[in-house]
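Novice: Below are the structure tokens for one structure; questions will follow.
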Amino acid sequence: MGESVKAFVVLKHDTNVSEEEIIETARVNLASYQKQPSIEIIDKLPKTPTGKILKQVLRDLYWVDQEKDI
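Under our numbering, the first residue of the sequence shown carries the number 25, and numbering increases by one thereafter.
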């Protein structure tokens with residue numbers, strides 16, 4: 025439906041790692057179907073009051089700079 029896989033990563037405090045290092049670690053340690061083609065590091069995941077991740081908010085973050093919205 026026009027969407028692709030993207031991982032949003034929240035780093036622990038005092039952790040300094042790049043997106044390339046995360047992708048390389050995944051390439052070595054995960055099966056090919058588990059690897060994420062793109063990664064974005066964010067400060068925190070948007071959650072509901074009960075703690076569920078708001079996936080639509082993450083999708084909206086991606087579509088802000090895109091020409092076409094699905």
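The beta-carbon is built from N, C-alpha and C at its ideal position, and this holds for glycine as well. Since we're looking at a predicted model, the values are computed, not measured.
1. Across which residues does DSSP place Glu-64 in a beta bridge pair?
2. Measuring straight from C-alpha to C-alpha, what distance separates Ile-66 and Glu-91?
3. Run through DSSP, which three-state label would Lys-71 get?
4. Going by C-alpha to C-alpha distance, which of Ser-56, His-37, Val-33 sits closest to Pro-70?
5. Between Lys-36, Ile-47, Asn-40, Asn-53, which has its C-alpha nearest Lys-30's C-alpha?
Specialist: In terms of the structure at hand:
1. Residue pairing by DSSP puts Glu-64 in a beta bridge opposite Phe-32.
2. If you take the alpha carbons of Ile-66 and Glu-91, they lie about 22 Å apart.
3. Lys-71: strand per DSSP, three-state reduction.
4. Residue nearest to Pro-70 within the set Ser-56, His-37, Val-33 is Val-33 (criterion: CA-CA distance).
5. Nearest in C-alpha terms to Lys-30, of all of Lys-36, Ile-47, Asn-40, Asn-53, is Ile-47.
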